[in-house]
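Mapping the sequence shown onto the working numbering, position 86 (from 1) lands on 86, and the numbers just tick up by one.
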Amino acid sequence: MVTITNEEKLEIQGLAGERSLTGAIQVGGAKNAILKVLAGTILFADEVNLFNVPDIEDVRQTIKLLIDLGAKVNQTDKHSYIVDTRNLTQTIIEPIISKNLRASVVLTGPLLARFGRVSFPHPGGCVIGKRPIDLFLSSFEAMGAKVELKNDLYEIVATGGKLRGANIFLKIQSVTVTETLMMAAVLAEGKTVLKNCALEPEIVSLGEFLKKCGAQISGLGTSTIEIEGGDLLLCQGQIYHTIPDRIEAGSFLILASLLAKDVTIADCEPKHLDAVIDFLKSSGVNFEIGDNYIRVRDNNTTSFIANDLKTHEYPGFPTDLQAPMSVFLSQANGQSFIFETIFEGRLNCLESLERMGVKVKILDSHRAIIDGPNELTGKELFSPDLRGGLAYVIAGLLAKGKTNVHNVGYIDRGYENLEERLSVLGADIKRTKI
Ligand code: EPU
Numbered sequence: 001m002v003t004i005t006n007e008e009k010l011e012i013q014g015l016a017g018e019r020s021l022t023g024a025i026q027v028g029g030a031k032n033a034i035l036k037v038l039a040g041t042i043l044f045a046d047e048v049n050l051f052n053v054p055d056i057e058d059v060r061q062t063i064k065l066l067i068d069l070g071a072k073v074n075q076t077d078k079h080s081y082i083v084d085t086r087n088l089t090q091t092i093i094e095p096i097i098s099k100n101l102r103a104s105v106v107l108t109g110p111l112l113a114r115f116g117r118v119s120f121p122h123p124g125g126c127v128i129g130k131r132p133i134d135l136f137l138s139s140f141e142a143m144g145a146k147v148e149l150k151n152d153l154y155e156i157v158a159t160g161g162k163l164r165g166a167n168i169f170l171k172i173q174s175v176t177v178t179e180t181l182m183m184a185a186v187l188a189e190g191k192t193v194l195k196n197c198a199l200e201p202e203i204v205s206l207g208e209f210l211k212k213c214g215a216q217i218s219g220l221g222t223s224t225i226e227i228e229g230g231d232l233l234l235c236q237g238q239i240y241h242t243i244p245d246r247i248e249a250g251s252f253l254i255l256a257s258l259l260a261k262d263v264t265i266a267d268c269e270p271k272h273l274d275a276v277i278d279f280l281k282s283s284g285v286n287f288e289i290g291d292n293y294i295r296v297r298d299n300n301t302t303s304f305i306a307n308d309l310k311t312h313e314y315p316g317f318p319t320d321l322q323a324p325m326s327v328f329l330s331q332a333n334g335q336s337f338i339f340e341t342i343f344e345g346r347l348n349c350l351e352s353l354e355r356m357g358v359k360v361k362i363l364d365s366h367r368a369i370i371d372g373p374n375e376l377t378g379k380e381l382f383s384p385d386l387r388g389g390l391a392y393v394i395a396g397l398l399a400k401g402k403t404n405v406h407n408v409g410y411i412d413r414g415y416e417n418l419e420e421r422l423s424v425l426g427a428d429i430k431r432t433k434i
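Given below as structure tokens:
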């Protein structure tokens, strides 16, 4: 069960479909890249310099976990840190935070590889499905570790104090499993071959940085990654610059498609957004794509066409953008079929969209049909998770009247100062106490 404080809400005055947003919105560093690099600092024998770190709750929580383990973390400005794990001694990942943060599981790989042991509770996070950890556990066993569950903590110990390289086939392509095992293998004895790896750009970014600092990794961005284990890594003053958050960029692109007079999504990486760009284009949205920006100007919303949406591992359509794109589809002409293939809890947000006026039929936990276009009216909404919360913000801005989005804590996990950045574009959105 995830604890989210509910002392604040976002109050949104809807634009009733008027395409008036104007200006530029900068995309921040990718949450799902930096959280893994923070875990990766455990593999280093010196200080690690991190730049373009988003100021979001999941980063703050991960830093608390590192400090609790014994790391020194020095914030040099709003978006930069120096992390020093040389005096790290603890191998128990703090349970209260860990139970609320799925990404905490990624710390298990570097800790187990460096110290030969790690203890942690079942990691929590957004309530978007079952989110098991069987693949982590069976892979650690394949690398020579013993796994026990004692008093609600997994206790994993590497036999002989050191993990051994192994050949591992992952029955599911998983982002955090790929990252965790890649990092574990960096300090294991001998060679590890991981097959059916996930291909997300955040994994490549992590791996490239580890390679720059001495790790022997090949096959990044392909389904087979090979790692030759070695000694602790050395940063030696090099910098990890967090890649742009493709999910944040995609969220803003969807919002702009619906409500922009002239909006530029700046500092993004369009080549990480192929599936989203293709989907919007084939639904009738026009935009201009530059090297590191996307500009959306005055689309004719009434001409958007229904489109079938199927989520898929990268480079397919990201599950993290399914909820925001469902809001887009509520404005398109005709019937759209949504197939969420990765998580079984991510269609939950459609029930609230239905209360706002979206004609939607939820067929089962993975499939739904939306009939558009629909006029939306403002409502009291409770974010079910991070991306569902963002979908509600888009729906609130699109609607007639006022929408309050509660459970803002979910949105704060992944979007820095959302209301301030959207206000700059002319959106009427503010954070208020309850
Ligand atoms: N799975 C298993 N066993 C495991 C691990 C995963 O069955 O041991 C299953 C999951 O239940 C799911 C599938 O594998 O059905 C794929 O999930 P994956 O493991 O790839 O998800 P994740 O690594 O837990 C990351 C992101 C998510 C993002 C997914 C999919 C992080 C911290 N989280 O989660 O991001 O939705 O990949 O792209 O990197 C978010 O940012 O809002 C978010 C939830």
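Glycine included, C-beta positions come from ideal geometry on N, C-alpha and C.
Since the model is a prediction, treat every value here as computed from it, not as a measurement.
(message) Can you list, in chain order, the residues of its chain with a C-beta nearer than 6 angstroms to that of THR62? Leave out the 5 residues immediately preceding and following it.
(response) LEU35, LEU38
(request) Spatial neighbours of CYS197 within its chain, please: CB distance less than 6 angstroms, with the 5 preceding and 5 following residues excluded, ordered by chain position. (result) THR178, SER223, ILE225
(request) Please say whether LEU170 and LYS195 have beta carbons closer to each other than 8 angstroms? (result) yes
(request) With a floor of 3 residues, list each beta strand (DSSP E) that falls wholly inside the region 67-125, ordered by position along the chain. (result) 72-77, 80-84, 117-120
(message) Going residue by residue through the region 349-385, where are the continuous alpha helix (DSSP H) segments of at least 4 residues, counting only ones entirely within it?
(response) 349-356
(message) Check this for me: beta carbons of LEU210 and VAL193, under 8 angstroms apart or not?
(response) no
(request) Return the Cβ separation of SER104 and PRO123 in integer angstroms, given the expectation that the two are a contact with Cβ distance under 8 angstroms. (result) Beta-carbon to beta-carbon, SER104 and PRO123 are separated by about 5 angstroms, close enough to satisfy the 8 angstroms threshold.
(request) Give me whichever residues DSSP pairs with TYR314 in a beta bridge. (result) Within the DSSP secondary-structure output, TYR314 pairs in no beta bridge.
(message) For GLY109, which residues in the same chain have their Cβ closer than 7 angstroms to its Cβ, ignoring the five residues on either side in sequence?
(response) THR180, LEU181, MET183, ALA184
(request) Report yes if the C-beta distance between SER257 and LEU273 is below 8 angstroms; otherwise report no. (result) no
(message) One question on the structure: do GLU11 and THR377 come within less than 8 angstroms of each other, judged by their Cβ atoms?
(response) no
(request) Say yes only if the C-beta of LEU456 is nearer than 7 angstroms to one or more non-hydrogen atoms of the ligand EPU, and no if none qualify. (result) Since the first residue shown for the chain is 1 and the last is 434, residue 456 is missing from the structure and cannot be characterised.
(request) Report yes if the CB atom of LEU321 is closer than 8 angstroms to the CB atom of ILE247, and no otherwise. (result) Yes, the pair counts as a contact, with Cβ atoms nearer than the cut-off.
(message) Measuring alpha carbon to alpha carbon, tell me which residue in VAL83, ALA16, TYR415, GLY70 is nearest GLY237.
(response) Scanning VAL83, ALA16, TYR415, GLY70 for the CA closest to the CA of GLY237 turns up VAL83.
(request) Tell me where the beta strand (DSSP E) around ARG295 begins and ends. (result) 293-297
(request) Measure the alpha-carbon distance for ALA391 versus LEU234 and round it to whole angstroms. (result) 41 angstroms
(request) Please classify ARG387: is it buried, with 16 or more other beta-carbons within 10 angstroms of its beta-carbon, or exposed? (result) A residue is called buried once 16 or more other Cβ atoms fall within 10 Å of its Cβ, and ARG387 is buried on that count.
(request) Please classify GLU344: does DSSP put it in a helix, a strand, or coil? (result) coil
(message) Less than 7 angstroms between C-beta atoms, sequence neighbours within five positions excluded: which residues of the same chain meet that for GLY17?
(response) Only THR301, LEU398 meet the Cβ criterion.
(message) Tell me whether the region 326-334 and the region 348-360 touch, counting them as touching only if at least three CB pairs, one residue from each stretch, are closer than 8 angstroms.
(response) yes
(message) On the DSSP bridge list, what partners appear for ARG164?
(response) GLU189
(message) Quick test of the definition: if touching needs 3 or more C-beta pairs under 8 angstroms, does the region 109-120 touch the region 70-78?
(response) no
(message) Closer than 7 angstroms to a non-hydrogen atom of the ligand EPU - does that hold for the CB of ASP245?
(response) no
(request) Specify the secondary structure class of ARG431 as computed by DSSP and reduced to three states. (result) strand
(request) Count the other CB atoms, across all protein chains shown, that sit within 10 Å of the CB of HIS241; report buried if there are 16 or more and exposed otherwise. (result) Its Cβ having fewer than 16 others within 10 Å, HIS241 is exposed.
(message) Any heavy atom of the ligand EPU closer than 7 angstroms to the beta-carbon of THR62?
(response) no
(message) Is VAL27 close to the ligand EPU? I mean its beta-carbon at under 7 angstroms from any heavy atom of the ligand.
(response) no
(message) So for ILE338, helix, strand or coil by DSSP?
(response) ILE338 falls in the strand class under three-state DSSP.
(request) Have a look at ASN32 and ILE42 and give me their C-alpha separation to the nearest angstrom. (result) 17 angstroms
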